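Everything below concerns the one structure shown next.
There are 2 protein chains.
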Amino acid sequence: MGNNREERREDLRARLMAAVEDQIMQHGIAGLKARAVTAQAGCALGALYNAFDDLDMLVMHVNARTLARLGEALKAALPGQGATAEEMMQALAGAYVDFACANRPLWIALFEHRLPAGRDAPDWYRDNHAVLIEVVVPPLRRLRPDLDDQALALRARTTFAAVHGVVLLALQGRFVGVPLSDLRAEVGALVSAMTRGAHLAGPEHGV
Amino acid sequence: MGNNREERREDLRARLMAAVEDQIMQHGIAGLKARAVTAQAGCALGALYNAFDDLDMLVMHVNARTLARLGEALKAALPGQGATAEEMMQALAGAYVDFACANRPLWIALFEHRLPAGRDAPDWYRDNHAVLIEVVVPPLRRLRPDLDDQALALRARTTFAAVHGVVLLALQGRFVGVPLSDLRAEVGALVSAMTRGAHLAGPEHGV
DNA sequence: GTCTAAATTGAACATCGTTCATAGTAAAGG
DNA sequence: CCTTTACTATGAACGATGTTCAATTTAGAC
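Protein chains in written order, with my numbering: chain A, 293 to 499; chain B, 293 to 499.
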């Protein structure tokens, strides 16, 4: 193992993040305990506050990692140049569902973790979320060539949020959520309806 | 005030629920404290556990009240017989946005409050959520007369969840959420696209 | 080898939700 | 009216949690 200070510090941070990931996977973000994390990481309770500001900041680092993996999964799912806009949208939505299902507790932690009132997340954390919107813009631009960049960015957020809502209610097990067995098909139907409707709303068909 | 035991018990329960509502409105569901609730309700800390099983159950009673008010708002927003399916959908979505904005912390409490792992909500609580789906079925049936009741119920959940997702990310102030100033317009655009797309997917136009 | 600054430790602290022994009080019986 | 009984109210006490801190250990510089 590394002997100098910097290496040991980074090693502890990595062990703590790995422990948080594992604990969230096992017990969910709501069941995360500082003592369980430090015990699994093999350090004292107080060491957590030397490596990170607090438990919230540690969770944000893990969330950033999850977000990066999610972004890679979305980009990897994008089809080649020959694909239609709907095919691109379906590929993105399908990859989103797959990632959320395969990493359910970590994905839920992305959207259930809240900072105490008053504190707001650092910029590097906010900026990591941009990828979720950016991937939606290109296919949306094909559907709505009449919209400028600002309107496209806004509509991309709306489109993402719509798909996200269906996945979230389903994976949270909310009563109004769609059963998991129907999730993929229903998201597919939603994306299909949204893309057809968006295309219809374009200027060449009149509003 | 009531003197017999039943009346006093109901009065305490009502005072506790009112206090929880007020506390959630002021500090959000995450800032809810049993001591602040009992202090505002004018009773001892332990009295909470005589009137309700625990704080979670008390929150569920308040959530049920919020849900009932939301259901009434949705039903009241439905237009008359002459309305088109899209007009019904737009009216419902608009009322949903309006209620969520006007009762933001209480509405957020509906979807952020979670029971500890293992425990699941009682049936009377689950059943209260049905109204959110039921109101969507009639207009959806007009758009998709080809779907049977089961498929309609499923698609109604998906449609609700899509709108809900846009409102939730916006009102939670998430980074990927739509700005509050654009929320109404974006939800309108989403509903428009979904209804046009759903109509297109109907059998008379081929799939 | 000595010194300084950083890291490590786990006990202590403040703050939660929840429980419990105690005290008080309302309804029932004679 | 008094006694009894069952329910209610109380707030101190408990266990669990995130965070802090003084004491200790250790790594790096001179």
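We put the beta carbon where it would ideally sit given N, CA and C, even for glycine. Nothing here was measured: the structure is a model prediction, and the numbers come from that model.
- Counting pairs of beta carbons, one from the segment 381-396 of chain B and one from the segment 297-316 of chain B, are three or more of them closer than 8 Å? no
- Query: How close, in whole Å, do the beta carbons of B:A490 and B:L435 come, if the pair is a contact with beta carbons under 8 Å?
  - Reply: 5 Å
- Mind checking A:N355: buried by the 16 CB within 10 Å criterion, or exposed? buried
- CB-CB length for A:V428 against A:G363, believed under 8 Å: With 8 Å as the limit, A:V428 and A:G363 do not qualify as a contact, their Cβ atoms being about 12 Å apart.
- With burial defined as no fewer than 16 other Cβ atoms inside 10 Å of the residue's Cβ, what is the status of A:A360: buried or exposed? exposed
- Task: Give the interface partners of B:I400 over in chain A, defined as CB-CB distance under 7 Å, in chain order.
- Result: Those do not exist, as B:I400 stays about 10 Å from chain A at its closest Cβ, beyond 7 Å.
- Are the C-beta of B:G386 and some C-beta of chain A separated by less than 8 Å? no
- Message: For the pair the segment 327-342 of chain A and the segment 408-417 of chain A, tell me if three or more CB-CB distances fall below 8 Å.
- Response: no
- Message: Can you look up A:V427 in the DSSP assignment and give me helix, strand or coil?
- Response: coil
- Query: Would you call the CB atoms of A:V470 and B:L366 closer than 8 Å?
  - Reply: no
- Would you kindly report the start and end of the unbroken alpha helix (DSSP H) that includes A:F403? 396-404
- A:C335, DSSP secondary structure in three states: coil
- Between A:A453 and B:E298, what straight-line distance do the alpha-carbon atoms span, to the nearest angstrom? 47 Å
- Query: Does A:D474 get closer than 8 Å to chain B when you measure Cβ to Cβ?
  - Reply: yes
- Message: In this structure, how does DSSP classify A:V374 when only helix, strand and coil are distinguished?
- Response: Checking the sequence, you will find Gly at residue 374 of chain A rather than Val. It is coil, neither helix nor strand.
- For a contact meaning CB atoms closer than 7 Å, what does A:T450 contact in chain B? V458, V470, E478, A481, L482
- Which chain B residues are close to A:H319, counting only those with a beta carbon under 9 Å from its beta carbon? A409
- Query: Does DSSP put A:G386 in a helix, in a strand, or in coil?
  - Reply: helix
- Within 8 Å (strictly less), CB to CB, does B:M349 reach chain A? no
- Item | Cα-Cα separation, A:R301 to A:H353 | 15 Å
- Taking only beta-carbon atoms, is A:M486 less than 8 Å away from chain B? yes
- Message: For A:T330, tell me which candidate among A:A322, A:G320, A:Q315, A:H319 has the shortest Cα-Cα distance.
- Response: A:Q315
- What distance in whole Å lies between the Cβ atoms of A:M486 and B:A485, which are believed to be in contact at a cut-off of 8 Å? 5 Å
- Query: Taking just the CA atoms, how far does A:L407 sit from A:G372?
  - Reply: 39 Å
- Determine, using beta carbons only, whether A:R361 comes closer than 8 Å to chain B. no
- Item | A:K367, DSSP secondary structure in three states | helix
- Please check if any C-beta of chain A sits within less than 8 Å of the C-beta of B:H353. no
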